[in-house]
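All remarks here apply to the structure that follows.
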């Protein structure tokens, strides 16, 4: 699938700050199996967020997924910005 190919390309670059995929835990396991077969380490695979989004924001509606994803991206951005400022 296209999302697997995109994940593979991102993981090969290794210069990304954040990468996530909309999907289930089952999809994550399937991706991990396929990508580990292509030589990716457990550490590399651990950087991939799937399912994407804050787990506290439940729901399967598109708007709920969008809010969960946006919230997670903001949280990652703020953690990174704060770490760069020594806090």
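In our numbering, the protein residues as written are 1 to 87.
Ideal Cβ positions, reconstructed from N, Cα and C, are used throughout, including at glycine.
According to DSSP, is residue 59 part of a helix, a strand, or is it coil? On the chain shown, position 59 is the one that residue 59 refers to. The three-state reading of DSSP puts residue 59 in coil, since its state is none of H, G, I, E or B.
Does residue 48 come out as helix, strand or coil in the three-state DSSP assignment? Residue 48 sits at position 48 when you count from the first residue of the chain shown. In the structure shown, residue 48 falls within a strand segment according to DSSP collapsed to helix, strand and coil.
Check residue 20 in the structure and name its three-state DSSP category. By 1-based counting over the chain shown, the position of residue 20 is 20. Strand at residue 20.
Can we say the stretch 77-85 touches the stretch 27-47, given the rule of at least three CB pairs closer than 8 Å? Too few Cβ pairs lie closer than 8 Å, so no.
For residue 50, the nearest candidate out of 66, 29, 35 (CA to CA): Here the question's residue 50 lines up with position 50 in the chain shown. Closest option to residue 50, judged by alpha-carbon separation, among 66, 29, 35: 29.
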